[in-house]
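>
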Amino acid sequence: MTAETTEKPNITDREDIAKRLLRSSAKASFDPLVEIDWDAPVDPDMWAIRPERLSLYGTYLWDQLSEEQRKELSRLEVASIANIGIWFETILMQMLVRHAYHNDPSTNHIQYAYTEIADECRHTVMFAKMVEKLGGKTHRIEPVAFTLGRIFKAIAHGPLIFAGALFVEEVLDQFQREAVPDEEILPLVRSVSRIHVVEEARHMRYAREEFARDWATRGRLNKAYSKLVLGLVTYYSATRLINPKVYEQIGLDPKEASRVARKNPHWIETKTWAARKVVATLSTADAISGLSKYFWKKAGLLG
């Protein structure tokens, strides 16, 4: 992408935007333990996500499932995606604490970082309770991704912190924005989605502008390194959205179902749809290119 065709992002003053985000947080933050009726039963006849968003939709395995199994699969897949949310938000909280540790806590910018950490703490509890209600399990992510997550949270610097956060938050946000107005979706999922959408809108604004501001200061070598690491992060996140144990819970062979899902054009299209906004943001900054682009495409995020 040439300088003539690259649009420069509109970046506001760092302290001014943080001040506005702090004010917004004071006006519209939620306690999921209070806001959500956790004692309400989960209706097995309702979907947890639109059927066309499920990983096996349109495949021969989908045709073999009963309507009851399909709806159970929807609950379990939402639970699995929430597990990935918990995994990455835990990583994000640690990165934000480290970011705050190296900066001035008297600034609005860092005070908002602490505010976001508090939001993410509530979100992880909310997601964990939703997973339990949907009949899923908080499976520990497989060893390779778990280890890479530990490394990433320890080595990630400014643009990687905020680009990684933006990726996961944007993907979750797309699924949840679609769920909120849909009356065929379980009320529990819609309630969780509504809270997350409102609060993550602030987080994404913070991450988007901080990434653009920091990225512009980095040299060619640093950018090349960041793009590669980010490509790996997105690959391991996007290819672990659905835990194979989900398929086993509804009576399918987990290896066969995982293989079918991985090649399913409907599922690839869904992941591309969910990632489209963050792909546009990072592509504008030329943060998806070279070897990193291979990982984005292999994960099914570029179509």
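The sequence shown begins at 63 in the working numbering and counts up by one.
C-beta atoms are modelled at their ideal positions from N, C-alpha and C, and glycine is treated no differently.
Quick caveat: nothing in here was measured; it's all calculated off a predicted structure.
Suppose the cutoff is 6 Å on Cβ atoms and the five residues either side in sequence are ignored; what does the same chain contact list for Ser288 look like?
By 1-based counting over the sequence shown, the position of residue 288 is 226. Counting only Cβ-Cβ distances below 6 Å, and skipping sequence neighbours, we find Pro221 and Leu222.
> DSSP on Trp100, reduced to helix/strand/coil?
By 1-based counting over the sequence shown, the position of residue 100 is 38. Residue state, collapsed to three classes: coil.
> What are the boundary residues of the alpha helix (DSSP H) that Asp181 is part of?
Counting from 1 along the sequence shown, the entry for residue 181 is found at position 119. Unbroken alpha helix (DSSP H) run through Asp181: Asn170 to Lys195.
> Can you look up Ile217 in the DSSP assignment and give me helix, strand or coil?
By 1-based counting over the sequence shown, the position of residue 217 is 155. Three-state DSSP puts Ile217 in a helix.
> Return the chain-ordered ranges of every alpha helix (DSSP H) run that is complete within the segment 280 to 333 and spans a minimum of 4 residues.
You should have 282 to 300, 307 to 311 and 316 to 325.
> Near Ile79, what residues of its chain come up, given a Cβ to Cβ distance below 8 Å and the 5 sequence neighbours on each side ignored?
The count along the sequence shown starts at 1 and reaches residue 79 at position 17. Correct list, in chain order: Arg267, Tyr268 and Glu271.
> Just curious, the alpha helix (DSSP H) that Leu158 is in, first and last residue?
Residue mapping note: residue 158 aligns to position 96 of the sequence shown, counting from 1. Where Leu158 is concerned, the enclosing alpha helix (DSSP H) stretches over Glu129 to Tyr163.
> For Trp358 and Val341, what's the separation of their Cα atoms in angstroms?
Here residue 358 refers to the residue found at position 296 of the sequence shown. Here residue 341 refers to the residue found at position 279 of the sequence shown. Cα-Cα distance, rounded: 9 Å.
> Identify the residues that DSSP records as bridge partners of Ile247: which are they?
Along the sequence shown, one-based indexing puts residue 247 at 185. According to DSSP, which records beta bridges pairwise, Ile247 is partnered with Trp109.
> Whole-angstrom Cβ separation of Thr334 and Leu364, contact assumed at under 8 Å?
Your numbering for residue 334 matches position 272 in the sequence shown. Your numbering for residue 364 matches position 302 in the sequence shown. Yes, they are in contact, since the Cβ atoms of Thr334 and Leu364 sit about 7 Å apart, within 8 Å.
> Leaving aside the five residues before and after Ala65 along the sequence, list all residues of the same chain whose C-beta is less than 7 Å from its C-beta, in chain order.
Here the question's residue 65 lines up with position 3 in the sequence shown. Here the model assigns Ala65 a pLDDT of 39, short of 50, so the residue's position is not dependable, and the following value carries that caveat. Closer than 7 Å at the Cβ level, and outside the excluded window around Ala65, lies no residue.
> Measure the alpha-carbon distance for Asn284 versus Lys339 and round it to whole angstroms.
Along the sequence shown, one-based indexing puts residue 284 at 222. Along the sequence shown, one-based indexing puts residue 339 at 277. Rounded to the nearest angstrom, the two C-alpha atoms are 24 Å apart.
> Among Arg184, Leu127, Ile143 and Tyr119, whose alpha-carbon lies nearest the alpha-carbon of Met155?
In the sequence shown, counting from the first residue as 1, residue 155 sits at position 93. When each option's Cα is compared against that of Met155, the closest is Arg184.
> So, is Arg137 buried or exposed, given that buried needs 16 or more other C-beta atoms within 10 angstroms?
Position 75 of the sequence shown, counted from the first residue, corresponds to residue 137. It is buried - the Cβ of Arg137 has at least 16 other Cβ atoms within 10 Å.
> How would you write the range of the alpha helix (DSSP H) that Ala88 sits in, first residue to last?
Here residue 88 refers to the residue found at position 26 of the sequence shown. From DSSP, the alpha helix (DSSP H) with Ala88 extends over Arg76 to Lys89.
> To the nearest angstrom, how far is the alpha carbon of Leu303 from that of Ser142?
On the sequence shown, position 241 is the one that residue 303 refers to. On the sequence shown, position 80 is the one that residue 142 refers to. Approximately 6 Å, taken between the alpha carbons.
> My output table needs one value for Lys360: the three-state DSSP class, helix, strand or coil.
Walking along the sequence shown from the start, residue 360 turns up at place 298. In the structure shown, Lys360 sits in a helix (DSSP, three-state: H, G or I).
> Would you call the CB atoms of Val260 and Asp235 closer than 8 Å?
Position 198 of the sequence shown, counted from the start, is the residue given in the question as residue 260. Position 173 of the sequence shown, counted from the start, is the residue given in the question as residue 235. Not in contact: Val260 and Asp235 (Cβ atoms no closer than 8 Å).
> Whose C-beta lies closer than 7 Å to the C-beta of Ala225 among residues of the same chain, with five residues either side of it excluded?
Here the question's residue 225 lines up with position 163 in the sequence shown. Excluding positions up to five away in sequence, the list reads Phe273, Leu292, Leu344 and Ala349.
> Under 8 Å, with one C-beta from each stretch per pair, do the segment 202 to 218 and the segment 293 to 312 reach the 3-pair mark?
At 8 Å Cβ cutoff, the stretches touch.
> Just confirm the distance between the C-beta atoms of Ile153 and Lys215, as a whole number of angstroms; I'd bet it's less than 8 Å.
Position 91 of the sequence shown holds residue 153. Position 153 of the sequence shown holds residue 215. Right, the Cβ-Cβ distance comes to about 5 Å (below 8 Å), so this counts as a contact.
> Using a Cβ-Cβ cut-off of 7 Å (strictly less than) and excluding sequence neighbours within five positions of Ser354, which residues of its own chain qualify?
The sequence position of residue 354 within the sequence shown is 292, counting from 1. Once the five neighbours on either side are set aside, the close Cβ partners of Ser354 are Lys289, Leu290, Leu292 and Gly293.
> Out of Trp277, Pro306, Glu114 and Asp315, which one is the CA nearest neighbour of Ala347?
The sequence position of residue 347 within the sequence shown is 285, counting from 1. Selected option, being the one with the closest Cα: Trp277.
> Whose CA, out of Leu116, Leu83 and Val96, lies closest to the CA of Phe237?
On the sequence shown, position 175 is the one that residue 237 refers to. The shortest C-alpha separation from Phe237 is found at Leu116.
> Can you tell me the Cα-Cα spacing of Glu77 and His164, whole angstroms?
Residue mapping note: residue 77 aligns to position 15 of the sequence shown, counting from 1. Residue mapping note: residue 164 aligns to position 102 of the sequence shown, counting from 1. Distance between the alpha carbons of Glu77 and His164: 17 Å.
> Excluding sequence positions up to five away, which residues of its chain have a Cβ less than 8 Å from the Cβ of Ser91?
As a first step, residue 91 must be located in the sequence shown, where it is residue number 29. So the list reads Asp181 and Glu261, once near-sequence residues are dropped.
> Should Pro167 be labelled buried (16 or more other beta-carbon atoms within 10 Å of its own) or exposed?
One-based indexing of the sequence shown puts residue 167 at position 105. By the 10 Å Cβ count, Pro167 comes out exposed.
> Which residues in the same chain as Tyr122 place their Cβ atom closer than 8 Å to its Cβ, once the five residues preceding and following it in sequence are excluded?
On the sequence shown, position 60 is the one that residue 122 refers to. Closer than 8 Å at Cβ, skipping near neighbours: Val322.
> Near Leu84, which residues of its chain fall below 8 Å by C-beta distance, leaving aside the five closest residues on each side in sequence?
On the sequence shown, residue 84 is found 22 positions in, with the first residue counted as 1. Asn170, Gln173, Tyr174 and Thr177, listed in sequence order.
> Whole angstroms is fine: what's the gap from Val254's alpha carbon to Val140's?
Your numbering for residue 254 matches position 192 in the sequence shown. Your numbering for residue 140 matches position 78 in the sequence shown. Taking the straight line from one Cα to the other gives about 11 Å.
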